[in-house]
Amino acid sequence: MRGISGKARLAGVIGHPVSHSLSPAIHHYWLERYGVDGVYVPLAIAPEDFGALFQTLPKMGFAGVNLTLPYKEKVFPLLDEIDETAQAIGAVNTVVFKEGRAIGSNTDAYGFWESLQACEALGQGKKKVLVLGAGGAAKAVVYALHRQGYECVIANRSREKAEAIASQYNDKVTVVGWGGIASLLPECGMVVNTTSLGMEGQPPLVISLEGLPVTAIVSDIVYRPRKTGLLVEAEMRGNPTVEGLGMLLHQAREGFRQWFGVLPEVDRGLWDHLLLRL
Ligand code: ATR
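Counting in our numbering, the sequence shown runs from 3 upward without gaps.
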């Protein structure tokens, strides 16, 4: 078994709660795989302690941290630098402590885009994407797709949240009411669910894919269960699908690179390692 020395590099994930996080399992797979002298720990920090404890982390030797709920936005005033992507998305999920500075970035958009690369149909269909939802995950998905030249149409229960995202972009990001989805589907080359609907313990996502071209990619960022109702429906119609776990695995790569000095691969072994834990 891999041991660690007194020089081991430290990183972790801060959340409240954090016990559900798969990030320790992802990073420990890579630490082992690449023989890195390092550890990655879950840090359950209560909101009232977050500011003070966050600032002690570099003093304790941490190279950096990931952030999950509810800290992705709360961390902003504690950072010395926030990269352009994190500013545009309005959330930080990765922090590096470097030369006395705390630098925040957001790797969710990268993770989403990289997860799509496993799909052979990518780049072959229409450039219009229906994005379901307008929370933090939707912001990262829209950011990634817009950068890649896709046109996004956002549908969300609370329309004003969808409008707020669209207002950050040009006319390539627009909003549609839930009732307008059916007539939009024939024009779409991709559908992405970013809502929590379909997740274990949440209500199902009720949407018909009728009219969607069978070449269109259907992606769900929910990964518990691995195959959501949306993905099952898409597979039954013959649409190519992209599972949510891929985004989670890929978003973790850049943090690992910055803290531990190796850009790790998302390989079959990592998928198997994580699927056992879902
Ligand atoms: P995340 O950061 O993971 O995206 P979030 O910001 O809480 O999480 O966003 C959750 C998304 O799921 C939102 O788009 C939310 O819709 P609202 O903006 O209207 O709240 C959507 N969502 C959650 N529960 C829903 C439900 N029962 N019906 C419809 N949409 C729902």
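From the three backbone atoms N, C-alpha and C, an ideal C-beta is built for every residue, glycine too.
If you compare the alpha carbons of 270, 229 and 139 with that of residue 115, the shortest gap goes to 139. Listed as beta-bridge partners of residue 100 by DSSP are 103. When the alpha-carbon of residue 228 is set against those of 241, 261, 163 and 249, the nearest one is in 249. Residue state for residue 44 is assigned as strand, using DSSP reduced to three classes. Pairwise C-beta distances place the stretch 65-75 out of contact with the stretch 118-128, as fewer than three of them are shorter than 8 Å.
According to the DSSP secondary-structure assignment, residue 64 is paired through a beta bridge with 12. Not one heavy atom of the ligand ATR sits closer than 7 Å to the Cβ of residue 120.
In the three-state scheme derived from DSSP, where H, G and I count as helix and E and B as strand, residue 217 is classed as coil. Rounded to whole angstroms, the separation of the alpha carbons of residue 15 and residue 94 is 12 Å. Residue 64 and residue 11 have their alpha carbons spaced roughly 7 Å apart. CA-to-CA, the gap between residue 30 and residue 99 works out to about 20 Å. Beta-bridge pairing by DSSP links residue 155 to 132 and 176.
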